[in-house]
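In this note's numbering, the protein residues as written are 646 to 917. Backbone N, C-alpha and C define an ideal beta-carbon position, used for all residues, glycine too.
Structural data, given as structure tokens:
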């Protein structure tokens with residue numbers, strides 16, 4: 646069942662592939678990467694606000710006020726040995742591409758395609774998993790996360806959609822609301838830079854707060870979420886609709902329900 650609340654504004658990032666120094670593949674999917682939660686750097690930009698560059702396991706560019714498709718997995722959702730195999734296979738293929746005689750643009754396109762394949766393999770593994778890493782399969786636990794996300798909506802970000810799976814979360818959100826004041830007027834560059842919460846801070850808050858509530862219910866302590874989250878910048882309406890479709894179809898693809906509208910823990914903002 647899809648549950649909607651009041652209309653929620655969102656923003657689609659319009660930064661070009663040239664500015665980001667990336668080359669899109671034929672499908673238009675170009676910046677699939679991991680969100681890191683450690684080192685932060687500021688890069689020069691022709692835009693009024695700088696883009697932030699994060700590095701954890703992989704580097705990541707996050708334009709200010711962008712819209713993002715994010716996948717967070719629970720700790721233990723994928724066995725460490727299997728995750729190591731997936732990463733090694735991706736690294737080997739990307740090294741092969743990097744050592745080829747293709748042009749730099751073609752290498753970038755193929756490497757980004759490998760990122761997409763890596764995500765698809767990882768998501769397929771999670772859809773088939775069971776056991777201790779699937780506590781979100783408990784309807785009460787999923788309900789705690791569902792309510793927590795809706796309560797946070799509007800606090801530095803706008804939720805476009807999300808889907809809570811047994812061992813992971815797909816989340817489509819926009820940081821564009823931070824660029825405007827309460828009256829809907831665009832903030833000054835100085836005020837935005839002073840008050841802006843970047844994506845890594847937003848995700849840290851979502852993971853930390855939800856972990857506390859869920860662990861309290863389960864009567865346990867310790868990490869709930871895997872540190873790294875898979876992230877893709879939404880560049881246009883087509884990318885937005887593709888990500889939304891992926892979120893809605895995940896419970897169907899995983900064999901949990903036959904129709905996406907039957908899944909209890911999917912949310913879509915009414916303006917979508």
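Asked: Supposed close pair residue 781, residue 812 - CB separation, criterion 8 Å; Found: 6 Å
Asked: Touch test, the segment 713-728 against the segment 869-879, Cβ-Cβ under 8 Å, three pairs minimum; Found: yes
Asked: Own chain, CB closer than 7 Å to residue 852, minus 5 neighbours either side, in chain order; Found: 717, 870
Asked: Identity of the residues DSSP links to residue 881 by a beta bridge; Found: Its beta-bridge partners do not exist; DSSP assigns none.
Asked: Meets three-Cβ-pair contact criterion under 8 Å: the segment 751-765 and the segment 802-822; Found: no
Asked: The beta strand (DSSP E) enclosing residue 718, as first and last residue numbers; Found: 712-718
Asked: Coarse secondary structure for residue 791, derived from DSSP in three states; Found: helix
Asked: Cβ contact check for the segment 802-811 and the segment 908-917: 3 or more pairs under 8 Å; Found: yes
Asked: Where residue 750 falls: helix, strand or coil (DSSP); Found: helix
Asked: Under the three-state DSSP convention, the category residue 806 falls into; Found: strand
Asked: Cross-strand partners of residue 818 (DSSP beta bridge); Found: 713, 804
Asked: Where the alpha helix (DSSP H) through residue 834 begins and ends; Found: 834-840
Asked: Stretch pair the segment 895-915 + the segment 742-753: three plus CB contacts closer than 8 Å; Found: no
Asked: Best match in 795, 714, 709, 854 for proximity to residue 890 [C-alpha to C-alpha]; Found: 714
Asked: Local conformation of residue 913 per DSSP, three classes; Found: strand
Asked: Residue 793: CB within 7 Å of a non-hydrogen atom of the ligand FMN; Found: By its list of ligands, the structure shown contains no ligand whatsoever, and the ligand FMN lies outside what it can speak to.
Asked: Under the three-state DSSP convention, the category residue 855 falls into; Found: helix
Asked: C-beta contact flag for residue 712 and residue 885 at 8 Å; Found: yes
Asked: With 16 other Cβ atoms within 10 Å as the buried cut-off, status of residue 725; Found: exposed
Asked: Exposed unless 16 or more other CB atoms sit within 10 angstroms - verdict on residue 911; Found: buried
Asked: Beta-ladder partner(s) of residue 828, from DSSP; Found: None, per the DSSP bridge assignment.
Asked: Sequence-distant residues of its chain with Cβ nearer than 8 Å to residue 902 (five each side left out); Found: 896, 908
Asked: Nearest-angstrom Cα separation, counted from residue 809 out to residue 858; Found: 16 Å
Asked: Status (buried if at least 16 other CB within 10 Å, exposed otherwise) for residue 868; Found: exposed
Asked: Rounded straight-line distance, which links the Cα of residue 864 to that of residue 881; Found: 43 Å
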